[in-house]
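Enquirer: What follows is a single structure, and I will ask about it in a moment.
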Amino acid sequence: MGTDSCEGEHSSPPDGVDAHEWSRRLKAEWQQRACSSRSNFYIASHVGWQDETARQRQAELDCALVLTGLPDAFLSTADVFEVGCGYGRLVPCLAPRVQSYTGMDIAPTFVAQARAARFPTARFFETDGSSVPEAAKDRTYDLIFSAAVLIHCPLAVIHALVPECLKLLSPTGRMRIQLLADPHDLSGIITAESLEDMAERVTRETAATNNDQSATVEAELATDTHCYMGHAFTYAEAAGFAKACAGSVFTHFLLRMDPLFIYVEFTVDGHGQQR
Ligand SMILES: C[S@@+](CC[C@H](N)C(=O)[O-])C[C@H]1O[C@@H](n2cnc3c(N)ncnc32)[C@H](O)[C@@H]1O
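Written out as structure tokens, the structure is:
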């Protein structure tokens, strides 16, 4: 495990390295980001990321997305596990609605910040990046999720981490992950044409209303010198990966609403409809 210090290395990872080596690189990168004055930007690079009110609003929206379709009756007794929790951005919205919340993150400084916030019913662990810490394995989880995390991870890390997490899913639980999609491959988007229209309209309207703030985010991205390691999946590749992870134990469901991301939900076979 790393230390909670603000030092880190800054180099491009070589090809052909294993999950362990990639994780070491990821940890160094994310620890640097956690220590940077722009850590809020790295956690959620949305329009208005410098503003506390905008951050809270975005966290509420992102929390709602994670919980889509899950009724309060399910959530109120649910033990929840977040993979890549950062400093606990989603915890204020999430923890009060569930029985228990466990978060793990690769960056020790984010874990320390999350713990320092002293959220009731929440606990946080540092991970090596490709496995679940033993302390977090003391229970199974009814909801395991990962938001804006695997999109930053190399394939070897995703291959190591997802099956590890699936082992901790309760018999009636569900796991939701977000993968980075290859934007050149638009398959899997059921209504690609209307979505493209919609994306164009939303881009136009957003640009008109948030021109200055959008420019700020873009400028931040342009000056970001961090090493990007995220693997972009074609839809067929994501489907194959999800199927291999699911094996004969889990049912899996892919959802692609836009060119950027592919969401995958796993449930234990036969429990997918029990919401
Ligand atoms: C963009 S932030 C999102 C944080 C949080 N999910 C949220 O939505 O507020 C990505 C987070 O994932 C963490 N992370 C990246 N790779 C990870 C890995 N392999 N295992 C655990 N955490 C990881 C980073 O340290 C960072 O906190």
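If you read the sequence shown in the numbering used here, its first letter stands for residue 646, the second for the next number, and so on. A virtual CB, placed ideally from N, CA and C, is assigned to each residue, including glycine. Quick caveat, the model's predicted, so the values are computed rather than measured.
#1: Under 9 Å, do residue 759 and residue 794 count as touching if we go by C-beta distance?
#2: Can you tell me whether residue 871 is helix, strand or coil according to DSSP?
#3: Can you pull the DSSP bridge partners for residue 671?
#4: Does ligand 1 have even one heavy atom less than 8 Å from the beta-carbon of residue 671?
#5: When the Cα atoms are used, what is the spatial distance from residue 911 to residue 889?
#6: Please name the residue, chosen from 734, 822 and 769, that lies closest to residue 746 on a Cα-to-Cα basis.
#7: Among residues of its own chain, excluding the 5 on either side of residue 837, which ones have a beta-carbon nearer than 7 Å to its beta-carbon?
#8: I need the boundaries of the beta strand (DSSP E) containing residue 816, first residue and last residue.
#9: Under a three-way DSSP split, which group does residue 773 fall into?
#10: With a Cβ-Cβ cutoff of 9 Å, do residue 875 and residue 804 count as a contact?
#11: Excluding the 5 residues flanking residue 906 on each side, which residues of the same chain have their C-beta closer than 8 Å to its C-beta?
#12: Roughly how many whole angstroms lie between the Cα atoms of residue 756 and residue 719?
#13: Work out the CA separation of residue 674 and residue 871 for me, nearest whole Å.
Expert: Reading off the structure:
#1: For the 9 Å CB-CB criterion, residue 759 and residue 794 do not form a contact.
#2: Coil.
#3: Answer is none; residue 671 lacks a bridge partner.
#4: Here the distance from the Cβ of residue 671 to the nearest heavy atom of ligand 1 is below 8 Å.
#5: Rounded to whole angstroms, residue 911 to residue 889 spans 12 Å at the Cα level.
#6: It is 769 whose Cα lies nearest to the Cα of residue 746.
#7: No answer about residue 837 holds up, because its pLDDT of 49 lies below 50 and its placement is not dependable.
#8: Annotation for residue 816: the continuous beta strand (DSSP E) segment containing it runs 814-826.
#9: Residue state for residue 773 is assigned as coil, using DSSP reduced to three classes.
#10: No. Outside cutoff.
#11: Within the same chain, and ignoring the five residues on either side of residue 906 in sequence, the residues whose Cβ sits closer than 8 Å to its Cβ are 796, 823, 824, 825 and 826.
#12: Answer to the nearest angstrom: the Cα atoms are 27 Å apart.
#13: Rounded to whole angstroms, the gap between the alpha carbons of residue 871 and residue 674 is 7 Å.
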